[in-house]
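Since the structure comes first, as structure tokens, the remarks are kept for the end.
In this note's numbering, the protein residues as written are 4 to 173.
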């Protein structure tokens, strides 16, 4: 029995140390590329405003009232210009951050909220949005992983603080 536990512990260690960072990197790259491609369709920003006026805002107006606990709650409809600029900035900016793993949890949260917004107000019922929200939730809770700028920065900061005698680590 002891041998079985040692083998299981070894396999779990391999999974957590080597495969988890690769899986988190793959999730970051996948989610980042989806939103990167979406953000690029909105460039130049003038064309994005037209896209919002013709497609996204009419869909939002149709879906802006939600039934929550039996209450009909109307959500405000953004202007086409605000929607175009904010969506483009979030999709492109947070995609780059997420793929680098820099501010990974923040970037994943923002892209998850973008997917939630699209699911609720623009294209309800699309399973892709649920997958994107799930990936974002995993990345927010687990972090960007060991193959990330965040991990490198955290390792350097913690290492320097542990060896700095002026900092009380207790």
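Virtual Cβ for every residue (Gly too), placed ideally from N, Cα, C.
Treat the numbers as computed from the prediction; the structure is a model and nothing was measured.
Query	Result
Given 8 Å, three or more beta-carbon pairs between the region 103-117 and the region 48-60	no
Beta-carbon proximity of residue 43 to residue 138, cut-off 8 Å	no
CB of residue 98 within 8 Å of CB of residue 155, strictly	no
Whether residue 122 touches residue 41 by CB criterion (8 Å)	no
Pairwise C-alpha distance: residue 161 and residue 57	50 Å
Buried/exposed call for residue 31, threshold 16 Cβ in 10 Å	buried
Every unbroken alpha helix (DSSP H) within the region 84-139, with a cutoff of 4 residues, ordered by chain	107-120
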